[in-house]
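Here the sequence shown is numbered in my numbering, starting from 67 and rising by one per residue.
To start, the structure under review is shown below, and the notes come after it.
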Amino acid sequence: MATTLAGLCIALVGGDLRVEHCLQGLISQGARLYGVGLEKLPPTLDMVHCSLERAVHECHALVLPMQGCDEDGSVKSSFCNEPLSLVGEYQARGLLVLTGVAGPTLRLLAADYGWNLVEIGEDDELAYLNAVPTAEGAVRLAQELAQKTIHHSKALVIGFGRCGTILAHLLRNMGAETYVYARQNGDLARAIALGFIKVSQVELVETFSRMDLVFNTVPAVIVGRELLLVSQPKVIVIDIASRPGGVDYSVAKELKRVAVLAPGLPGKCVPETAGRILGAVLPRLIVENMAKER
67 MATTLAGLCI ALVGGDLRVE HCLQGLISQG ARLYGVGLEK LPPTLDMVHC SLERAVHECH
127 ALVLPMQGCD EDGSVKSSFC NEPLSLVGEY QARGLLVLTG VAGPTLRLLA ADYGWNLVEI
187 GEDDELAYLN AVPTAEGAVR LAQELAQKTI HHSKALVIGF GRCGTILAHL LRNMGAETYV
247 YARQNGDLAR AIALGFIKVS QVELVETFSR MDLVFNTVPA VIVGRELLLV SQPKVIVIDI
307 ASRPGGVDYS VAKELKRVAV LAPGLPGKCV PETAGRILGA VLPRLIVENM AKER
């Protein structure tokens, strides 16, 4: 097997339970691993635990959690007790920094530090592979909240991209009456061709009023007051779009509808599978985005 990361120092900065299962994929490709905020990981000789300052100066790339950082620059970690923050003196021009989706704070920090910030959440390989654990996690969450089976439920999937497609197939295979709403005519045509019940813009309000389960994958507010007003009192809305999601949560709260923004489902529901996916895909992404001069 080619060691695509041979000679490279890669730092994992924070992260959830996926980190533990991601390590071997990077090590097998020849990387020397640094860990920032990962002190509670099971002991391994294959990782150097260090500060962010050291990682920034010694490493060729940093790998942040898929959700990036919070508005105050803090990074979540399941493996440390101390707060972990990206705010400081971390200038390193050209340093490759990978994250799933970067919010405004991370973009500003990266620009200030001179980092080469790359968002990997939309990488085709990673997105398709992650769609499976995301879909399974969304369905599991819906079952827990609804306290009934998916079978014989009426389920609407909003958005028919990579994740929406996998989710719609899973719901139908579990016996749900599965509807698909998409804004693009091509996506609606694909939904029809695959045997789903298509929902056009003019049909959306009436269809929404009959649904037991709604899954949003679109990172824009689709589920607003008009739809929530006509929804069933016991409807369950699972929002798996990137923050801030696609649901008007203030209206949902006002109307006492159950609506949940559920980012990071792969790491929460199936961290082993999700971690192995990252470990398999990250080497290619690091090599493709590595600046030659660094």
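C-beta: ideal position from N, C-alpha, C; glycine also.
As the structure is a prediction and not an experimental result, all values here were calculated from the model.
Item checked: Assigned secondary structure, R228 (DSSP; H/G/I helix, E/B strand, else coil) -> The count along the sequence shown starts at 1 and reaches residue 228 at position 162. Of the three classes helix, strand and coil, the one that applies to R228 here is helix, per DSSP.
Notebook entry, point to check: Are the Cβ atoms of A77 and A127 separated by less than 9 angstroms?
Noted result: Looking up residue 77 in the sequence shown gives position 11. Looking up residue 127 in the sequence shown gives position 61. In this structure, A127 lies closer than 9 angstroms to A77 by Cβ.
Next item on the list: Excluding the 5 residues preceding and the 5 following W181 in the sequence, name in chain order all residues of the same chain whose CB lies nearer than 7 angstroms to its CB.
Entry: Mapped onto the sequence shown, residue 181 falls at position 115. Listed in chain order, the non-local C-beta contacts of W181 below 7 angstroms within the same chain comprise A158, L161 and V163, local neighbours out to five positions each way being set aside.
Next item on the list: Identify every run of the beta strand (DSSP E) within the region 141-219, keeping only runs that are complete inside it and at least 3 residues long; order them along the chain.
Entry: 162-165 and 182-185, all fully within the region 141-219.
Checklist line | DSSP state of A242 mapped onto helix, strand, coil | finding: Start at 1 with the first residue of the sequence shown, and residue 242 comes out as number 176. Coil.
Item checked: Nonlocal neighbours in the same chain, by C-beta distance under 7 angstroms from A328, ignoring five residues either side -> Looking up residue 328 in the sequence shown gives position 262. The residues are A204, L207, I304, D305 and I306.
Notebook entry, point to check: Are at least three pairs of beta-carbons, each pair with one atom in the region 262-277 and one in the region 233-252, less than 8 angstroms apart?
Noted result: The region 262-277, when compared against the region 233-252, does touch it at the 8 angstroms Cβ threshold.
Check: Residues bridged to V81 by DSSP?
Finding: The residue you call residue 81 lines up with position 15 of the sequence shown. The sequence given here has Gly at residue 81, not Val. Bridge pairing for G81: S143 [DSSP].
Next item on the list: With DSSP collapsed to three states, give me the class of A97.
Entry: Residue numbering aside, residue 97 sits at position 31 when the sequence shown is read from its first letter. Of the three classes helix, strand and coil, the one that applies to A97 here is coil, per DSSP.
Margin query: I want to know whether the region 73-91 touches the region 120-138 - three or more CB-CB distances under 8 angstroms.
Written below: Flag = yes, the region 73-91 and the region 120-138 touch.
Item checked: Assigned secondary structure, K334 (DSSP; H/G/I helix, E/B strand, else coil) -> The residue given as residue 334 occupies position 268 in the sequence shown. Note: K334 maps to helix in three-state DSSP.
Note to self: Considering only their Cβ atoms, is the gap separating A121 from V141 smaller than 9 angstroms?
What the structure shows: For the purposes of this step, residue 141 is taken as residue 75 along the sequence shown, with counting starting at 1. For the purposes of this step, residue 121 is taken as residue 55 along the sequence shown, with counting starting at 1. Annotated as distal: V141 and A121, with beta-carbon spacing of 9 angstroms or more.
Next item on the list: Select from G261, D253 and A259 the residue whose C-alpha is nearest the C-alpha of Q267.
Entry: Along the sequence shown, one-based indexing puts residue 267 at 201. Measuring from the Cα of Q267, the nearest candidate turns out to be D253.
Next item on the list: Give the DSSP-derived three-state secondary structure of K319 in the structure shown.
Entry: In the sequence shown, residue 319 corresponds to position 253, counting from 1. Of the three classes helix, strand and coil, the one that applies to K319 here is helix, per DSSP.
Margin query: Can you list, in chain order, the residues of its chain with a C-beta nearer than 6 angstroms to that of V317? Leave out the 5 residues immediately preceding and following it.
Written below: In the sequence shown, the residue the question calls residue 317 occupies position 251. Once the five neighbours on either side are set aside, the close Cβ partners of V317 are R291 and L294.
Check: Going along the chain, which residues of its own chain have a beta-carbon closer than 7 angstroms to the beta-carbon of E359, five neighbours each way excluded?
Finding: Stepping through the sequence shown from its first residue, residue 359 is reached at position 293. At E359, the pLDDT of 48 sits below 50, so the modelled position is not reliable; the number obtained from the coordinates is stated separately. If we look at E359 and ignore the five residues flanking it on each side, its Cβ neighbours are G160.
Notebook entry, point to check: Quick one: is L172 near chain B, going by C-beta distance under 9 angstroms?
Noted result: The structure shown has no chain B; it contains just one protein chain.
Note to self: For a test of the three-state rule: what should DSSP assign to V301, helix, strand or coil?
What the structure shows: Within the sequence shown, numbered from 1, the residue matching residue 301 stands at position 235. The answer is coil: DSSP assigns V301 none of H, G, I, E or B.
Check: With DSSP run on the structure shown, which of helix, strand or coil describes F281?
Finding: Here residue 281 refers to the residue found at position 215 when the sequence shown is read from its first residue. When secondary structure is reduced to three states using DSSP, F281 falls in the strand class.
Next item on the list: Would you mind giving the Cβ-Cβ distance between C88 and G345, rounded to the nearest angstrom? I have them listed as a contact below 8 angstroms.
Entry: By one-based count along the sequence shown, residue 88 stands at place 22. By one-based count along the sequence shown, residue 345 stands at place 279. Correct: roughly 4 angstroms between the Cβ atoms.
Notebook entry, point to check: Of the residues V284, K214 and H218, which one's Cα is nearest the Cα of T231?
Noted result: Stepping through the sequence shown from its first residue, residue 231 is reached at position 165. For the residues V284, K214 and H218, the minimum Cα distance to T231 belongs to V284.
Next item on the list: Report, in whole angstroms, the separation of the C-beta atoms of A97 and L130, which I expect to be a contact under 8 angstroms.
Entry: For this step, residue 97 is matched to residue 31 along the sequence shown. For this step, residue 130 is matched to residue 64 along the sequence shown. About 16 angstroms separates the CB atoms of A97 and L130; that is not less than 8 angstroms, and the two are not in contact.
Check: Which residue's Cα is closest to the Cα of P337: Q298, S144 and L92?
Finding: Here residue 337 is taken as the residue at index 271 of the sequence shown, counted from 1. Checked all of Q298, S144 and L92; the closest Cα to P337 is S144.
Next item on the list: Check the DSSP bridge columns for M113 and list the partner residues they point to.
Entry: The residue you call residue 113 lines up with position 47 of the sequence shown. Bridge partners of M113: L99.
Checklist line | Rounded distance between the beta-carbons of E137 and T165, thought under 8 angstroms | finding: For the purposes of this step, residue 165 is taken as residue 99 along the sequence shown, with counting starting at 1. For the purposes of this step, residue 137 is taken as residue 71 along the sequence shown, with counting starting at 1. Rounded to the nearest angstrom, the Cβ distance from T165 to E137 is 15 angstroms, too far for a contact under 8 angstroms.
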